[in-house]
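Quick note: the sequence shown uses our numbering, first residue 39, plus one each step. A quick write-up on the structure given underneath.
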Amino acid sequence: MPNGRTHDIITAVIAPVVIMVTYYITKDWKSTGFIFTAYLFASIMFNGDLDANTCSYNRWWLLKLIWIPYQLMFHHRSIFTHGLIIGTVIRILYISIIPVIILSIKGDFNVIRNIDTHLLLLLFIGLESGAAVHTIADYTT
Numbered sequence: 039m040p041n042g043r044t045h046d047i048i049t050a051v052i053a054p055v056v057i058m059v060t061y062y063i064t065k066d067w068k069s070t071g072f073i074f075t076a077y078l079f080a081s082i083m084f085n086g087d088l089d090a091n092t093c094s095y096n097r098w099w100l101l102k103l104i105w106i107p108y109q110l111m112f113h114h115r116s117i118f119t120h121g122l123i124i125g126t127v128i129r130i131l132y133i134s135i136i137p138v139i140i141l142s143i144k145g146d147f148n149v150i151r152n153i154d155t156h157l158l159l160l161l162f163i164g165l166e167s168g169a170a171v172h173t174i175a176d177y178t179t
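Shown next, in the form of structure tokens:
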């Protein structure tokens, strides 16, 4: 299993591939940039290693406290944290609790109606790409 520095190097090496493949598929620099940004975020801060005291976890600084319940719920490298697609979905659902609580307190859910589903899809593709590179590195090195 690679350490944090090795994961960061792998992220940097794969980054041009993510840009080229994304642009080839979308033919759109805005979509490419959005997916690439989500890829970087997932690779560096939003990957399966949030279930343990790791570089990804510590990069959240004081906000890392929000990941303690997540760490208590899941064992390190379980299918729920390192599983392709399921790990990303669970992290998205977990982190979505925060805006849901805020919206519940405000009592205003109109913002949900205005969400651009195309951007949500691009966000998910980028987040899953970053998490997948991380997980594949864990299982192949």
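All C-beta atoms in this analysis are idealised placements derived from N, C-alpha and C, irrespective of residue type, glycine included.
Selected residue, minimal CA-CA separation from F79, among E166, D176, I174: Per the Cα distances, E166.
Coarse secondary structure for R97, derived from DSSP in three states: The three-state secondary structure of R97, taken from DSSP, is coil.
Span separating the alpha-carbon of F112 from that of T119: Those two C-alpha atoms are separated by around 7 angstroms.
Cα-Cα separation between G125 and I82, rounded to whole angstroms: Distance between the alpha carbons of G125 and I82: 15 angstroms.
R97 versus G71: straight-line alpha-carbon distance, rounded: R97 and G71: Cα-Cα distance of roughly 22 angstroms.
CB-CB length for T179 against P54, believed under 8 angstroms: Actually they do not touch by this definition, with Cβ atoms about 20 angstroms apart.
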